[in-house]
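Residue numbers (numbering that gives the first Met the number 0), protein chains in the order written: chain R, 0 to 715; chain Y, 0 to 159.
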Amino acid sequence: MKADKIDSFYFHDVNTPPTQVNRREFLKNLGGGVIIVFSLSQLAFRVGYKSLDQDDIPQFNAFLRVKEDGRVECYSGKIEMGQGINTSLAQALADELEVDISQVDMILGDTNLCPHDDGTWGSLTTRFHEPLIRAAAAEAREVLKKLASEKLEVPVDQLNASNGKITYKNDSSKSISYAELTNGQKIIQSVSEKPELKKSDEFNVIGKSFHRRDAVEKVTGKALYSADMRLPGMLYAAIIRPDAHGSKLLSVDTSAAEKIEGIQIKKDDDLIAILHENPETAERTRFLVKAEWEKLPSKADNESIFEHIKKTATNRRVRYEGGDLETGKNESELTFEHEYHDGYKAHASIEPHSATAIYEDGKITMWASSQTPFGTRQEVAEKLGIPKEDVHIKQIFLGGGFGGKIYNRQAVEAARLAKMVEGTPIQLMWNRSEEFMYDMFRPAAVIKVNSGITKNGAIKLWDFDIYCAGDRGTELFYEVPNHRTTNLNGQDVHPFGTGAWRAPGNSTNTFARESHIDIMAHSVGMDPLEFRLKNMNNQRAINSLKVAADKFGWTKEKPPKGTGRGIAVGFDAGTFATIIVEVDVNTQNGEVKVKRAVVGQDMGQIVNPQGAIIQAEGCVNMGLGYSLMEDIEFDWGEVKTNNFSNYQIPLFSDIPEVIETAFVDAMDEPPQGGGEPAIICMGGAVANAVFEACGARVFRLPVTPERVLAALKEKG
Amino acid sequence: MAETIKFELNGKQVNVEVEPDHTLLWVLRSHFDLTGTKYGCGLGYCGSCTVLMNNDPVRSCGIMMEDVAGTKIVTIEGLAKNGELHPVQQAFVDNDALQCGYCTPGMIMNAVGLLERNPNPSRQEIIDGMEDNLCRCGAHTRIIDAIASVSDKKKGVVQP
Ligand code: FES
Ligand code: FES
């Protein structure tokens with residue numbers, strides 16, 4: 000899917016309406032049983048789809064089938080990349096349909112079998128997809144009850160569904176299984192206006208912790224990722240790459256490479272690839288190709304990028320506004336002006352982008368590490384000039400995504416090559432340096448904050464200028480009478496592609512806001528928890544902060560020198576999250592060690608508490624990376640970072656010894672996002688904790704030892 | 000020039016005709032179709048390609064086939080016996096010590112090797128032993144717990 004299309008949706012955190020699907024196509028290949036389809040227009044009352052124009056959308060977005068043997072298949076265009084929807088969506092379905100979870104098979108991300116979905120991102124799955132699956136399951140349950148009522152000759156309201164059976168309330172010997180009911184049937188039913196969903200006190204499966212359902216496959220090496228496909232006659236591809244983005248190919252000499260036995264060299268416009276039946280031969284032959292490139296002149300590197308950003312990101316758009324900034328200034332007794340910087344970050348999934356493809360008779364079948372199988376289908380179809388119905392993207396596990404696998408360059412490359420060698424399967428797996436080169440980085444960004452408070456700590460002024468981070472998560476949950484939040488963007492700001500990185504831009508924004516809040520609190524000698532509670536105006540934000548502070552055991556008493564605690568609160572994907580960390584800072588060498596992290600979240604209904612806790616832990620551990628160590632080194636288009644040797648991600652010794660999670664009880668509320676929210680708080684929490692520990696205020700992520708030492712020196 | 004290399008793979012004697020300077024990782028993946036061993040970096044930094052060589056965890060992306068001759072190699076596919084998971088595999092399942100699962104085979108093989116050398120490691124010894132195996136999903140916390148749960152029982156190590 001094209002970056003600009005995604006970004007326009009993703010960065011503003013709204014759900015995207017699915018596109019048209021042909022209903023007959025959709026149902027044709029299915030076997031019998033009870034089949035439930037969703038028409039989104041019927042479901043427009045569901046959260047997340049309110050804005051859709053009902054007449055425009057006669058299509059289907061999720062779908063399940065109670066098969067003739069009583070097993071249930073759930074078809075969803077979402078993908079499993081570690082976030083655990085394979086388990087949590089199956090739980091939601093099992094609960095409403097009253098079947099054991101072991102009876103549920105999730106079919107994810109197959110473009111021929113699953114209804115359209117715009118992609119797995121933005122922590123949207125549980126928020127918008129789970130309610131739909133529950134609705135379909137409830138509908139199926141009612142259909143089954145109706146069938147049972149005819150068979151058992153008992154009125155529907157006298158029947159109970161449980162454990163894959165319908166039973167007469169007054170006489171449990173009168174009972175019939177789903178398999179018996181569906182046998183020989185093919186009933187297709189749309190979800191009705193208001194399917195009767197269970198209340199939270201009726202849940203048996205939702206709200207209970209379940210282990211991952213894909214764990215056994217994953218611990219035995221059986222789980223298949225896209226580069227694990229092994230097809231007869233398959234060739235492995237290695238692509239010739241320039242050293243820098245934006246380079247122009249001047250000449251290429253493949254003569255030495257051509258001498259290698261079994262090598263095929265394929266050229267198509269800018270794509271030059273080596274194919275061989277042995278992956279290492281293909282990879283090594285790359286070095287025999289002599290290509291000359293013309294590099295673009297450098298406009299900035301990882302140090303000067305911030306000045307470059309301020310100069311080039313000049314399109315202003317005010318996002319939120321209220322009161323009058325002049326008045327705010329006048330009412331402020333103390334004012335604060337600071338600039339916060341954040342460098343480019345890589346997604347750095349351990350699985351690189353990969354794709355396996357076979358093109359035959361004008362049709363292509365692919366397994367691609369993609370967060371957007373339907374977007375990949377579209378892109379491949381356009382590039383190959385074939386109808387999208389002739390592109391089949393199949394279900395596969397992803398080895399991490401974090402937003403990086405929304406972009407499908409590798410799939411398009413593999414598809415182009417597959418078409419050139421019609422009938423021969425092609426596998427392309429980027430090596431680690433390609434992965435760093437073509438990552439769609441989290442953008443470098445500058446945030447300028449100008450604020451003011453009264454001497455007793457009431458915020459009067461808030462002027463927040465965001466250069467390149469996008470405005471996600473910046474709607475204020477602090478009460479400020481005079482405020483403005485401005486988005487600044489521009490053309491040609493970045494030397495390479497940037498995109499969605501786990502809660503896009505929000506980590507940068509939250510770092511800046513929460514650092515600044517801390518600065519203001521300390522300036523009037525107020526406890527940072529007290530200052531936040533005094534100024535916050537959103538009850539859910541307050542709740543998330545309070546559960547975290549309780550769990551942490553926050554007191555006004557400061558820890559001994561060298562140890563510090565830091566708070567950050569943020570909003571992402573419908574969830575309010577707070578992180579409080581405790582750090583040790585070594586003032587001799589500037590090293591920061593996070594010892595403990597507490598996550599407090601108001602995320603509405605929680606389907607799988609264990610899954611939600613694991614996502615929060617993942618956010619803390621991954622978030623440590625951007626907070627303390629990760630940064631891309633580059634000289635304009637030349638990405639110098641090329642492996643884990645120079646892009647350090649958190650290691651076992653880096654992670655906090657203790658991570659605790661506390662949830663606000665909100666089981667009757669709609670479910671909200673869980674994969675991203677907590678990560679946005681790590682940077683701010685760490686920076687604030689470093690300040691409490693040693694008085695060093697670091698305005699740039701990551702908070703490296705050098706920056707801590709420099710800040711210590713500055714404070715004197 | 001390709002050579003015939005003999006070694007023991009998951010308990011069976013095998014012969015393979017390969018270039019002696021090709022790596023064990025890719026021979027496992029493309030010749031034997033044992034794709035549980037993963038590529039993550041190709042240069043020894045991530046550990047996702049870890050297998051056991053004569054009971055020691057090694058990074059298969061850096062092992063040349065000429066050095067594999069005559070050794071005993073165990074991959075993630077060779078760990079479960081008669082359909083029963085190895086205790087470390089079971090501990091990963093029980094502790095939800097994985098998310099995307101891509102680092103998991105390497106983590107497990109490294110942990111098995113670690114427990115082989117030190118059947119009852121302390122938390123710090125687990126951290127030190129696992130240090131250079133990367134996980135991007137942040138499953139570290141539970142991986143430590145999983146390994147500790149096996150070591151506590153002091154019976155976790157099954158000779159592969
Ligand atoms: S692939 Fe071998 S260590 Fe990364
Ligand atoms: S579980 Fe995804 S990299 Fe470790």
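Note that beta-carbon positions come from the ideal geometry of N, C-alpha and C, so glycine has one too.
Please classify Y:Asp32 as buried or exposed, where buried requires at least 16 neighbouring CB atoms within 10 angstroms.
Translated into the one-based positions of the second sequence, residue 32 of chain Y becomes position 33. With fewer than 16 Cβ atoms within 10 Å of its Cβ, Y:Asp32 is classed as exposed.
Can you name the residues of chain B whose CB is closer than 7 angstroms to the CB of R:Thr484?
Absent from the structure is chain B; the protein chains it does hold are R and Y.
Assuming R:His115 and R:Leu88 form a contact by the criterion Cβ under 8 angstroms, report the distance between their Cβ atoms to the nearest whole angstrom.
The count along the first sequence starts at 1 and reaches residue 115 of chain R at position 116. The count along the first sequence starts at 1 and reaches residue 88 of chain R at position 89. Wrong, their Cβ atoms sit about 17 angstroms apart, outside the cutoff.
The beta strand (DSSP E) enclosing R:Asp583, as first and last residue numbers
Along the first sequence, one-based indexing puts residue 583 of chain R at 584. Unbroken beta strand (DSSP E) run through R:Asp583: 574-584.
What in chain Y is Cβ-close to R:Asp227, meaning under 7 angstroms?
Within the first sequence, the letter at position 228 stands for residue 227 of chain R. In chain order: Thr34.
State the DSSP-derived secondary structure class of R:Phe10, mapped to helix, strand or coil.
Stepping through the first sequence from its first residue, residue 10 of chain R is reached at position 11. Because the pLDDT at R:Phe10 is just 30, under 50, the model does not fix this residue reliably, and the value given afterwards should be weighed accordingly. Note: R:Phe10 maps to coil in three-state DSSP.
Among R:Phe440, R:Glu138, R:Ala354, whose alpha-carbon lies nearest the alpha-carbon of R:Ala345?
As a position in the first sequence, residue 345 of chain R is number 346, starting the count at 1. Per the Cα distances, R:Phe440.
Is it the case that the CB of Y:Tyr44 approaches a heavy atom of ligand 1 more closely than 7 angstroms?
Looking up residue 44 of chain Y in the second sequence gives position 45. Flag set: Cβ of Y:Tyr44 near ligand 1.
Quick check: the Cα distance between R:Gly163 and R:Asp267, rounded to an integer number of angstroms?
Walking along the first sequence from the start, residue 163 of chain R turns up at place 164. Walking along the first sequence from the start, residue 267 of chain R turns up at place 268. When rounded, the distance between both Cα atoms is 55 angstroms.
Mind checking whether R:Glu718 and R:Ser161 have CB atoms under 8 angstroms apart?
Residue coverage of chain R in this structure runs from 0 to 715, which leaves residue 718 of chain R outside it and unanswerable.
Note down, in chain order, each residue of its chain lying with its Cβ closer than 7 angstroms to the Cβ of R:Thr423, except the 5 sequence neighbours on either side.
As a position in the first sequence, residue 423 of chain R is number 424, starting the count at 1. For R:Thr423, where only same-chain residues beyond five positions count, the Cβ hits under 7 angstroms are Gly232, Leu234.
Using 10 angstroms around the beta-carbon of Y:Met0, count the other beta-carbons present and answer buried if the total reaches 16, otherwise exposed.
Here residue 0 of chain Y refers to the residue found at position 1 of the second sequence. Exposed: under 16 other Cβ atoms inside 10 Å.
Could you check what DSSP says for R:Phe435 in three-state terms: helix, strand or coil?
Counting from one through the first sequence, the residue named residue 435 of chain R turns up at place 436. R:Phe435 falls in the helix class under three-state DSSP.
Selected residue, minimal CA-CA separation from R:Leu274, among R:Val420, R:Ile175, R:Ser506, R:Val445:
In the first sequence, counting from the first residue as 1, residue 274 of chain R sits at position 275. Out of R:Val420, R:Ile175, R:Ser506, R:Val445, R:Val420 has the C-alpha closest to the C-alpha of R:Leu274.
Quick check on R:Trp461: does DSSP put it in helix, strand or coil?
As a first step, residue 461 of chain R must be located in the first sequence, where it is residue number 462. Here R:Trp461 sits in strand by DSSP.
C-beta neighbour in chain Y for R:Thr219, strict 8 angstroms:
Counting from one through the first sequence, the residue named residue 219 of chain R turns up at place 220. Yes, its Cβ sits closer than 8 angstroms to a Cβ of chain Y.
Nearest-angstrom Cα distance between R:Leu131 and R:Ala665?
Reading the first sequence from its first residue, position 132 is the one you call residue 131 of chain R. Reading the first sequence from its first residue, position 666 is the one you call residue 665 of chain R. Between the alpha carbons of R:Leu131 and R:Ala665 lies a distance of about 19 angstroms.
Is there at least one non-hydrogen atom of ligand 1 closer than 7 angstroms to the beta-carbon of Y:Leu160?
Because chain Y in this structure spans residues 0 to 159, residue 160 of chain Y falls outside the shown range and cannot be described.
Excluding the 5 residues flanking R:Thr313 on each side, which residues of the same chain have their C-beta closer than 6 angstroms to its C-beta?
Residue mapping note: residue 313 of chain R aligns to position 314 of the first sequence, counting from 1. Excluding positions up to five away in sequence, the list reads Gly489.
At a cut-off of 7 angstroms, would you count Y:Arg135 as near ligand 1, judging by its Cβ distance to the nearest heavy atom?
Residue numbering aside, residue 135 of chain Y sits at position 136 when the second sequence is read from its first letter. False, no ligand heavy atom lies under 7 angstroms from that Cβ.
Cβ-Cβ distance between R:Asp517 and R:Leu487 below 8 angstroms:
Locating residue 517 of chain R in the first sequence gives position 518, counting from the first residue. Locating residue 487 of chain R in the first sequence gives position 488, counting from the first residue. No, these two residues do not count as a Cβ contact at 8 angstroms.
For the segment 594-682 of chain R, which segments carrying the alpha helix (DSSP H) assignment without a break, of at least 4 residues, lie completely within its bounds, in sequence order?
608-627
Kindly indicate if chain Y contains any beta-carbon less than 8 angstroms away from that of R:Arg431.
As a working mapping, residue 431 of chain R is identified with position 432 in the first sequence. So yes, R:Arg431 belongs to the interface.
Just to confirm, is the Cβ distance from R:Val71 to R:Gln90 under 8 angstroms?
Here residue 71 of chain R corresponds to residue number 72 of the first sequence, with the count starting at 1. Here residue 90 of chain R corresponds to residue number 91 of the first sequence, with the count starting at 1. Between R:Val71 and R:Gln90, the C-beta gap is not smaller than 8 angstroms, which leaves the two residues out of contact.
Between the CA atoms of R:Gln614 and Y:Ile143 - distance to the nearest angstrom
Here the question's residue 143 of chain Y lines up with position 144 in the second sequence. Here the question's residue 614 of chain R lines up with position 615 in the first sequence. If I take the Cα positions, the gap works out to 17 angstroms.
Return the chain-ordered list of same chain residues with a C-beta closer than 6 angstroms to the C-beta of R:Trp461, the five sequence neighbours on each side being excluded.
For the purposes of this step, residue 461 of chain R is taken as residue 462 along the first sequence, with counting starting at 1. Result list for R:Trp461: Ser450, Val479, His482, in chain order.
With a 10 Å radius around its C-beta and 16 neighbouring C-beta atoms as the bar for buried, classify R:Lys168 as buried or exposed.
Within the first sequence, the letter at position 169 stands for residue 168 of chain R. So R:Lys168 counts as exposed.
Quick one: grab the DSSP three-state call for R:Glu751.
Residue 751 of chain R cannot be examined here, being either before or after the span of chain R that is shown, 0 to 715.
For chain Y, find out if any of its Cβ atoms is closer than 8 angstroms to the Cβ of R:Tyr224; answer yes or no.
The sequence position of residue 224 of chain R within the first sequence is 225, counting from 1. By this cut-off, R:Tyr224 is an interface position.
For R:Ile357, the residue or residues it bridges with in DSSP
Counting from 1 along the first sequence, the entry for residue 357 of chain R is found at position 358. Among the bridge pairs identified by DSSP, R:Ile357 is matched with R:Thr364.
Would you check whether ligand 1 has a heavy atom nearer than 7 angstroms to the C-beta of Y:Arg58?
On the second sequence, position 59 is the one that residue 58 of chain Y refers to. Flag set: Cβ of Y:Arg58 near ligand 1.
Within 10 angstroms of the Cβ of R:Leu63, are there 16 or more other Cβ atoms? Answer buried if so, exposed if not.
If you number the first sequence from 1, residue 63 of chain R lands on position 64. The residue in question, R:Leu63, is buried, as its Cβ has 16 or more Cβ neighbours within 10 Å.
Are Y:Ala79 and R:Thr219 close, meaning C-beta to C-beta below 8 angstroms?
Counted from its first residue, the second sequence places residue 79 of chain Y at position 80. Counted from its first residue, the first sequence places residue 219 of chain R at position 220. Yes.
Residue range of the alpha helix (DSSP H) that Y:Pro120 falls in?
For the purposes of this step, residue 120 of chain Y is taken as residue 121 along the second sequence, with counting starting at 1. Element bounds for Y:Pro120: n/a, residue is neither H nor E.
Does DSSP put R:Cys73 in a helix, in a strand, or in coil?
The count along the first sequence starts at 1 and reaches residue 73 of chain R at position 74. Strand, per DSSP.
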